[in-house]
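Below you'll find the structure, written out as structure tokens, and then a few comments.
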Amino acid sequence: MSATHDVLNQPPPLTGFSTADDPALLEALRRDAPWGEAEVRELGARAGAEEVQEWARAAEAYPPVLRTHDRFGHRVDEVDFHPAWHHLMAAAVASGQHAAPWAEPRAGAHLVRAAKFYAWAQAEPGHGCPVSMTYAAVPALRAQPALAAAYEPLLASRTYDFGLRPPLEKRGLIAGMSMTEKQGGSDVRANTTTAVPAGDGSYLVTGHKWFTSAPMSDVFLMLAQGPEGLTCFLMPRVLPDGTRNALRLQRLKDKLGNRSNASAEIEYEQAVAWPVGEPGRGVRTIVEMVNMTRLDCVLGTAAGMRAGLRQALHHAAHRRAFGARLVDQPLMRAVLADLAVESEAAIALALRLATALDRSLAGDAAEAALRRIGLAAGKYAVCKRGSAHAAEALECLGGNGYVEESGMPRLYREAPLLSIWEGSGNVAALDVLRVLRREPAALDAYFAEVERAAGADDRLDAAVARLRALLGTLADETQAQLSARRVAEQLTLVLQGSLLVRHSTPAVADAFCASRLAGDWGQAFGTLPPGLDLGAVLERATGEKQP
11 MSATHDVLNQ PPPLTGFSTA DDPALLEALR RDAPWGEAEV RELGARAGAE EVQEWARAAE
71 AYPPVLRTHD RFGHRVDEVD FHPAWHHLMA AAVASGQHAA PWAEPRAGAH LVRAAKFYAW
131 AQAEPGHGCP VSMTYAAVPA LRAQPALAAA YEPLLASRTY DFGLRPPLEK RGLIAGMSMT
191 EKQGGSDVRA NTTTAVPAGD GSYLVTGHKW FTSAPMSDVF LMLAQGPEGL TCFLMPRVLP
251 DGTRNALRLQ RLKDKLGNRS NASAEIEYEQ AVAWPVGEPG RGVRTIVEMV NMTRLDCVLG
311 TAAGMRAGLR QALHHAAHRR AFGARLVDQP LMRAVLADLA VESEAAIALA LRLATALDRS
371 LAGDAAEAAL RRIGLAAGKY AVCKRGSAHA AEALECLGGN GYVEESGMPR LYREAPLLSI
431 WEGSGNVAAL DVLRVLRREP AALDAYFAEV ERAAGADDRL DAAVARLRAL LGTLADETQA
491 QLSARRVAEQ LTLVLQGSLL VRHSTPAVAD AFCASRLAGD WGQAFGTLPP GLDLGAVLER
551 ATGEKQP
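See below:
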């Protein structure tokens with residue numbers, strides 16, 4: 011068959027780049043953890059390699075499959091994954107994204123881990139779920155020192171050891187979290203799963219979990235109603251004697267995105283578990299795990315934004331229309347610059363929260379308070395922006411972005427998950443109100459942070475004043491709830507503005523303050539006000555001089 015036309019005006023494949031070539035990322039490391047830059051750069055180069063891109067494609071194209079029984083009719087409850095999934099997991103674990111800061115504590119360890127998670131998640135986001143839950147499980151498990159002593163070294167191991175075997179006989183473990191039930195959703199206090207003492211220190215758990223991500227994990231932290239009330243438990247998939255625990259995988263969820271990662275409905279039929287933390291105080295025990303995973307929701311959203319921006323910039327740099335490259339045309343430059351500003355604001359906030367975690371663990375109470383309010387607000391506001399950012403980045407590629415081969419639909423489908431996971435929008439916004447009421451030190455720490463940029467930009471100063479006025483209207487409970495989303499959004503925008511004014515280039519900070527803080531912005535990306543230095547914004551995003 012003869013060719014009907016030549017392929018023209020298409021960009022070359024985007025491969026062989028480094029996800030760590032990101033000024034905001036590298037500058038944050040140089041400020042607070044310079045020792046980690048080489049490790050992050052190495053991982054970023056691997057994330058952009060053609061081999062890893064193929065792993066990501068295959069893990070999405072061949073999603074996990076549930077096998078409830080073997081060919082003889084015995085219950086097995088196995089989840090089969092494409093080898094690409096295991097390659098991704100092994101690389102993530104080897105780089106320490108799952109637990110390295112707990113095993114190797116040093117100044118900046120959590121920041122470096124966050125930088126790695128951000129760089130690696132740009133390759134494939136689905137496997138980040140069990141990586142994140144393993145990271146988050148360790149501090150929660152420490153509420154029961156005997157269990158932590160046995161399991162923490164294996165949770166922190168850099169060996170990925172997949173397969174159903176007794177956990178303490180394996181070379182490394184992955185942890186999951188199982189809380190959501192049909193009748194409660196985010197209202198975990200409404201859970202009906204029960205736990206009855208077995209007489210030997212363990213409990214027998216009976217009930218149903220509506221949504222458990224990564225059901226192939228070795229151990230789970232889960233909530234059940236014990237004699238004293240809702241309690242946190244550690245539950246292994248395989249018992250110490252080698253028999254399978256009574257966790258019955260009913261089905262895998264057919265999800266919008268995150269398709270490389272299995273999520274399941276689970277039935278517990280007197281499954282064996284051990285209590286973690288104080289009986290009846292399960293929410294208090296597991297909330298630390300939730301807060302840790304919320305950080306990864308912000309990081310994951312920032313990673314998706316950066317990945318989408320990279321694709322859009324690459325396409326626009328090579329595609330021509332109406333006699334010029336797309337990247338040289340004013341309106342497309344405005345869209346790309348707007349996407350770049352949003353992307354940098356997201357990762358600047360995420361890395362600042364990771365630094366707050368490092369400092370809080372070193373005993374800094376103000377940083378702990380800043381992290382608490384920053385995570386609640388950032389989880390709401392940054393993750394909400396992820397879907398709009400993914401849609402606009404996809405549209406920069408036009409029809410090419412709408413086809414699966416581009417990889418953009420995967421980013422688009424993934425984006426809503428991070429706003430939903432660990433508490434959807436209203437849950438996160440109401441948590442902001444809870445912090446404001448119960449932890450006054452958090453607001454003091456917040457304003458101490460944002461006012462480090464006081465006087466540097468009039469628009470930021472004005473936004474701080476408006477925020478203070480807004481917070482003064484929350485005495486009435488109904489009005490406070492009606493304002494919760496606005497409050498979470500404004501807390502996030504002001505903090506992002508402060509960070510960009512202090513740490514980014516003048517062009518990026520100017521664009522952010524003019525649009526997000528001063529309100530000179532439309533309802534879609536690409537509506538930045540005139541007079542901004544868009545070339546300088548794009549130069550920071552691409553690392554290349556702009557005309």
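Residue numbers 11 to 557, in this note's numbering, belong to the letters of the sequence shown in order.
Heads up, the beta-carbon is just placed ideally off N, CA and C, and yes, glycines get one too.
Measuring only the C-alpha atoms, how far is residue i from residue j?
{"i": "T14", "j": "Q20", "result": "17 Å"}
{"i": "A48", "j": "A485", "result": "49 Å"}
{"i": "A30", "j": "T253", "result": "44 Å"}
{"i": "A344", "j": "L544", "result": "7 Å"}
{"i": "Q321", "j": "T204", "result": "48 Å"}
{"i": "M189", "j": "P289", "result": "16 Å"}
{"i": "E162", "j": "A110", "result": "11 Å"}
{"i": "T483", "j": "P557", "result": "47 Å"}
{"i": "A283", "j": "L262", "result": "23 Å"}
{"i": "E499", "j": "G388", "result": "8 Å"}
{"i": "S142", "j": "M99", "result": "11 Å"}
{"i": "P450", "j": "R330", "result": "55 Å"}
{"i": "L527", "j": "A401", "result": "23 Å"}
{"i": "S353", "j": "Q63", "result": "21 Å"}
{"i": "H96", "j": "A71", "result": "14 Å"}
{"i": "P74", "j": "S270", "result": "7 Å"}
{"i": "H84", "j": "L323", "result": "53 Å"}
{"i": "V392", "j": "E459", "result": "18 Å"}
{"i": "F172", "j": "E179", "result": "12 Å"}
{"i": "L164", "j": "V103", "result": "11 Å"}
Buried or exposed: where does residue i fall if 16 or more other Cβ atoms within 10 Å of its Cβ makes it buried?
{"i": "W45", "result": "exposed"}
{"i": "E432", "result": "buried"}
{"i": "H137", "result": "buried"}
{"i": "A38", "result": "buried"}
{"i": "G384", "result": "buried"}
{"i": "H513", "result": "buried"}
{"i": "V413", "result": "exposed"}
{"i": "Q489", "result": "exposed"}
{"i": "D520", "result": "buried"}
{"i": "R40", "result": "exposed"}
{"i": "E415", "result": "exposed"}
{"i": "Q193", "result": "exposed"}
Per DSSP, residue i forms a beta bridge with which residues?
{"i": "P207", "result": "Y213"}
{"i": "K389", "result": "DSSP output for K389 lists no bridge partner at all."}
{"i": "C242", "result": "L233, V286"}
{"i": "H96", "result": "Answer is none; H96 lacks a bridge partner."}
{"i": "A334", "result": "A331"}
{"i": "I276", "result": "K219, L259"}
{"i": "H79", "result": "R85"}
{"i": "T169", "result": "In the DSSP output, where bridge partners are listed per residue, T169 has none listed."}
{"i": "V248", "result": "R254"}
{"i": "S188", "result": "M232"}
{"i": "A30", "result": "According to DSSP, which records beta bridges pairwise, A30 is partnered with nothing at all."}
If you compare alpha carbons, which of the options is closest to residue i?
{"i": "D306", "options": "A43, A124, G465", "result": "A124"}
{"i": "T25", "options": "T537, E61, F82", "result": "E61"}
{"i": "D468", "options": "D441, Q500, A438, G507", "result": "G507"}
{"i": "E191", "options": "R395, E288, Y278", "result": "Y278"}
{"i": "A494", "options": "D454, A517, Y456, V437", "result": "V437"}
{"i": "D348", "options": "T303, P33, A534", "result": "A534"}
{"i": "P237", "options": "F522, R291, F230, G186", "result": "R291"}
{"i": "G553", "options": "T515, W531, C523", "result": "T515"}
{"i": "L361", "options": "A119, A113, A102", "result": "A119"}
{"i": "E298", "options": "G333, V86, L367", "result": "L367"}
{"i": "A146", "options": "R181, Q107, E415", "result": "Q107"}
{"i": "A94", "options": "L76, F127, A133", "result": "A133"}
{"i": "A376", "options": "R448, A313, A455", "result": "A455"}
{"i": "L548", "options": "D530, P539, A517, L174", "result": "A517"}
Beta-carbon within less than 6 Å of residue i's beta-carbon, same chain only, minus the 5 sequence neighbours each way: which residues are those?
{"i": "S28", "result": "G54, A55, G58"}
{"i": "A452", "result": "A379, R382, I383, V445"}
{"i": "P177", "result": "L183, D228, V229, P246"}
{"i": "T216", "result": "T204, Y278, Q280"}
{"i": "W112", "result": "V148, A166"}
{"i": "A274", "result": "T222, P225, L259, L262"}
Leaving out five residues before and five after residue i in sequence, what residues of the same chain have Cβ atoms less than 7 Å from its Cβ?
{"i": "F365", "result": "The amino acid at residue 365 is misidentified as Phe; the sequence shows Thr. Excluding residues within five positions, the ones whose Cβ falls inside 7 Å are D42, L121."}
{"i": "L319", "result": "L349, A350, S353, A403, A551"}
{"i": "A355", "result": "Q506, L510, F522"}
{"i": "L427", "result": "G267, N268"}
{"i": "F82", "result": "none"}
What residues in its chain sit with their C-beta under 8 Å from that of residue i, if we drop five residues either side in the sequence?
{"i": "Q154", "result": "L244, W284, P285, V286, G287"}
{"i": "N255", "result": "M245, P246, R247, V248, L249, A281, V282"}
Please check if any C-beta of chain D sits within less than 7 Å of the C-beta of residue i.
{"i": "D520", "result": "Note that chain D does not occur in the displayed structure, where there is just one protein chain."}
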